[in-house]
Amino acid sequence: MEALPAPLESARFIAGRSRDVSVDEEGARKVAESLFDKASEAAFGLSGWKSLHELNPRAASEEAVNWVFLVDTLNFSFWSESAEQKCLVRYKGKEYSGYWALCAAVNRALDDGIPITSASYYATVTLDQVRQVFRSDTEVPMPLLEERHRVLNESGTVLLEKFGGSFLTCVKTRTVFKSGDREEVEIRGCSIWCCALICKHLLELYEKKGQDMSDKINAVLLDYYLWDYARDHREDMKDIPFHRVRCIYY
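Be aware that the sequence shown starts at 56, since it is given in our numbering, and climbs by one per residue.
Written out as structure tokens, the structure is:
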């Protein structure tokens with residue numbers, strides 16, 4: 056079987072051939088410069104990710120890896136048709152929307168004794184069980200529950216058949232997955248490539264100062280940082296058009 060290209064190689068390939076989406080390298084360089092003083096802060100590192108939000112796992116354990124895999128697998132299509140009516144999940148006295156509603160629902164299920172992060176559970180979970188686990192506390196349900204159910208069954212089955220039921224095994228074997236289709240591939244591929252460029256320029260800036268930050272800065276943590284930055288500055292960005300696609304890819 057032919058080996059699949061690494062995600063970064065795929066992103067570079069897509070960005071170099073994209074028709075409708077482009078990456079502004081000078082813009083990536085400017086973002087790196089603006090992040091230079093922030094990249095050494097705790098918010099940029101793994102400990103920063105753990106403390107970034109109260110719903111994130113705190114322990115560096117196999118359970119945390121399985122939590123991250125589950126949440127990442129279901130991390131798609133949370134936008135609401137209306138700003139006034141949206142899916143909300145109440146957890147420990149707080150209401151969460153969007154991606155955090157998913158995290159809250161997962162933690163709520165775990166607290167209720169439902170092993171939702173276990174592949175052996177979600178490989179055979181029923182649609183009714185999925186609806187119960189990811190139930191909204193408003194009249195607006197979480198979008199695409201049937202698709203989420205299918206994704207859970209498929210990913211759980213793959214983990215059981217190929218990785219002993221744990222994504223940690225997959226991480227250790229460095230297995231790469233692949234999916235996609237043109238317009239979405241261009242958006243996703245160019246996003247990955249842009250994040251990689253920002254990371255590259257940021258590391259180069261530190262190298263010029265005689266600092267090796269390669270063990271503290273990577274594209275994954277940078278992506279989390281930028282996503283939360285965008286959420287915190289949503290009012291400043293409200294006039295910037297954002298594509299809306301109801302799908303399972305993001």
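Glycine included, every Cβ here is placed at the ideal spot set by N, Cα and C.
Residue span of the alpha helix (DSSP H) that contains residue i, given as start and end
i	result
GLU290	It is not in any alpha helix (DSSP H) - GLU290 carries neither H nor E in the DSSP assignment.
PRO62	62-72
GLU81	80-90
SER210	200-217
Test item: CB-CB of residue i and residue j under 7 Å
i	j	result
VAL195	CYS142	yes
VAL188	ALA164	yes
ALA174	LEU214	yes
LEU277	CYS245	no
MET268	LEU258	yes
VAL185	ILE171	no
LEU260	ARG203	no
PHE133	TYR151	no
Endpoints, beta strand (DSSP E) assigned at residue i
i	result
VAL144	143-146
Which listed residue (the options) has its alpha carbon closest to that of residue i
i	options	result
TYR135	SER221, SER191, LYS217	The sequence shown places Ser at residue 135, not Tyr. Nearest option by C-alpha distance: SER191.
ALA274	HIS288, LYS264, HIS256, GLU139	HIS256
PHE124	SER132, PHE133, PRO112	PRO112
ILE272	ALA87, ASP167, ARG243	ALA87
TYR284	SER89, VAL126, ARG67, GLU150	SER89
TRP282	LYS85, ILE247, GLU262	ILE247
GLU241	ARG74, GLU216, LEU63	ARG74
SER210	TYR177, TYR279, GLU109	TYR177
ILE169	ALA70, PHE131, TRP122, GLU139	TRP122
LYS263	ALA70, PHE91, TYR280	PHE91
ASP127	GLY265, TYR279, GLU109, SER65	TYR279
THR193	GLN140, HIS288, GLY82, ALA70	GLN140
Minimum Cβ-Cβ distance from residue i to chain C less than 7 Å
i	result
GLN266	Going by chain labels, chain C is absent from the structure shown, which holds only one protein chain.
Would you mind listing the alpha helix (DSSP H) stretches within the segment 112-192 that are 4+ residues and don't spill past its ends, in chain order? 117-128, 153-166, 174-177, 182-188
Contact between the segment 140-157 and the segment 174-186 is defined here as three or more beta-carbon pairs at a separation below 8 Å; is this criterion met? No: fewer than three Cβ pairs fall under 8 Å.
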